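Scroll down for the structure; my scribbles are underneath it.
What follows is the structure in structure tokens.
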């Protein structure tokens with residue numbers, strides 16, 4: 215590091231901008247004690263709490279125990295330099311957002327390297343005091359903004375979780391009560407009442423499925439969903455779903471067929487996955503096909519397509535399972551296709567929906583290889 219850190223005279227009583235009641239904590243990392251003392255003295259005058267360490271490993275240990283609001287990091291240090299400290303911080307996904315201000319005497323390519331690694335800002339030596347304070351304020355504003363955004367996101371997630379739970383309780387109770395009505399446990403029902411109860415029960419069950427789907431999407435986005443992988447026979451799973459939804463297709467007069475190919479169907483159709491989530495994917499695909507097809511047919515085809523491995527799937531297993539769902543409905547306009555897998559986004563059609571089915575497919579399968 216250069217012997218002289220600052221170039222201009224230092225005015226200890228310069229006016230500072232108004233800050234929140236919380237005192238921002240800044241960690242200064244420099245192997246020269248004089249430079250650390252100078253920065254500490256100047257920034258404390260601005261109202262910040264300053265801690266100092268003299269090497270990269272000590273900085274990492276400090277941050278691991280108690281992350282500061284801002285890191286002022288010298289690039290040129292013996293042992294672990296500022297670049298390596300920055301790289302390790304950015305690779306530690308458990309840490310909250312920490313702005314990093316690099317202090318460097320290097321040239322422009324070295325500055326670019328620091329920014330590429332993950333630093334947020336840099337300042338060159340010899341340092342102008344006013345410039346240092348301005349950059350510190352700027353990065354702390356960024357830190358406050360990110361922290362506020364994260365807090366809002368956590369509050370939203372908590373609200374969604376509580377709301378979903380609260381909505382499920384009365385819906386489950388209503389489902390049980392309507393089932394008892396339908397079964398005649400509370401007395402015989404006339405045909406007209408039977409039809410009305412059946413309609414209410416189906417609507418209530420659809421609403422309960424939407425609430426459950428909302429909760430699942432929330433869990434994926436919050437990183438709280440744990441998948442349980444086991445061998446799953448996709449052919450058998452699809453037949454189960456068809457058995458459950460075939461009544462909905464027959465009510466609309468739709469022909470529902472399922473074709474399977476492969477000499478050894480059991481081996482070809484078996485994949486490693488979370489059975490419950492794969493079942494949800496197939497249910498969403500077939501349910502949407504039935505919902506948006508007014509007449510005609512729906513075909514589901516399951517096959518092993520090894521030709522896909524040659525080019526687009528070089529890093530995939532040697533056999534690729536392809537599930538195709540084809541119906542005679544209106545299809546998805548080209549303008550709606552870019553937002554197909556976004557939550558709560560519906561196409562330009564006249565039928566209501568939650569806009570969550572496709573998002574749930576994405577969450578459950580990552581990047582599915584669908585043919586529609």
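In my numbering, the protein residues as written are 215 to 586. Don't be surprised by glycine CBs; every beta carbon is placed ideally from N, CA and C. Treat the numbers as computed from the prediction; the structure is a model and nothing was measured.
Looking at the unbroken alpha helix (DSSP H) that takes in residue 359, where does it start and where does it end?
For residue 359, the uninterrupted alpha helix (DSSP H) segment begins and ends at 343 to 397.
What does the Cβ neighbour count give for residue 307, buried or exposed, with the cut at 16 atoms within 10 Å?
Exposed.
If I measure Cβ to Cβ from residue 386 and keep anything under 8 Å in the same chain, skipping five residues before and after, which residues do I get?
Taking residue 386 as the centre and dropping the five residues before and after it, the same chain places the C-beta of 422 closer than 8 Å to its C-beta, in chain order.
Going by CA-CA distance only, name the one from 268, 382 and 409 that's closest to residue 395.
Considering only alpha carbons, the answer is 409.
Can you tell me the Cα-Cα spacing of residue 455 and residue 503, whole angstroms?
Near 13 Å, if we compare the C-alpha coordinates of residue 503 and residue 455.
Going by the CB atoms, is the gap between residue 296 and residue 243 shorter than 9 Å?
Note that the C-beta distance between residue 243 and residue 296 is below 9 Å.
Opening and closing residue of the beta strand (DSSP E) in which residue 490 lies
Residue range 489 to 505 is occupied by the alpha helix (DSSP H) that includes residue 490, with no beta strand (DSSP E) assigned at that position.
Reduced DSSP category for residue 441 - H, G, I as helix; E, B as strand; rest coil:
Note: residue 441 maps to coil in three-state DSSP.
Decide if residue 440 is buried, meaning its Cβ has at least 16 other Cβ atoms within 10 Å, or exposed.
Residue 440 is exposed by the Cβ-count criterion.
Rounded Cβ spacing between residue 333 and residue 314 (contact assumed at less than 8 Å):
Right, the Cβ-Cβ distance comes to about 5 Å (below 8 Å), so this counts as a contact.
Give every residue of the same chain whose Cβ lies closer than 7 Å to the Cβ of residue 485, excluding the five residues on either side of it in the sequence, and list them in chain order.
Taken in chain order, the residues that qualify are 446, 448 and 535.
Please report the straight-line C-alpha distance between residue 564 and residue 507, rounded to a whole angstrom.
Bear in mind that a pLDDT of 49 at residue 564, under 50, signals an unreliable position, so the number given afterwards is only what the model happens to contain. Residue 564 and residue 507: Cα-Cα distance of roughly 13 Å.
So what does DSSP say about residue 242, is it helix, strand or coil?
The DSSP-derived three-state label of residue 242 is strand.
So, residue 353 versus residue 342, is the Cβ gap smaller than 9 Å?
Contact annotation: residue 353 and residue 342 have beta-carbon atoms that are not nearer than 9 Å.
Using DSSP's beta-bridge definition, name the partner residues of residue 469.
Per DSSP, the beta bridge partners of residue 469 are 511.
To the nearest angstrom, how far is it from the Cα of residue 268 to the Cα of residue 245?
When rounded, the distance between both Cα atoms is 4 Å.
Segment limits, alpha helix (DSSP H) that includes residue 303:
That run of the alpha helix (DSSP H) goes 296 to 305.
Cut-off 6 Å between Cβ atoms - residues of its own chain near residue 469, not counting five sequence neighbours on either side:
The beta carbon of residue 469 sits closer than 6 Å to the beta carbons of 511 from its chain, once the five residues preceding and following it are set aside; these are given in chain order.
From what residue to what residue does the beta strand (DSSP E) around residue 265 run?
Note, residue 265: beta strand (DSSP E), 263 to 267.
Which same chain residues, not among the five before or five after residue 443, have their C-beta less than 8 Å away from its C-beta?
Only 486, 487 and 488 meet the Cβ criterion.
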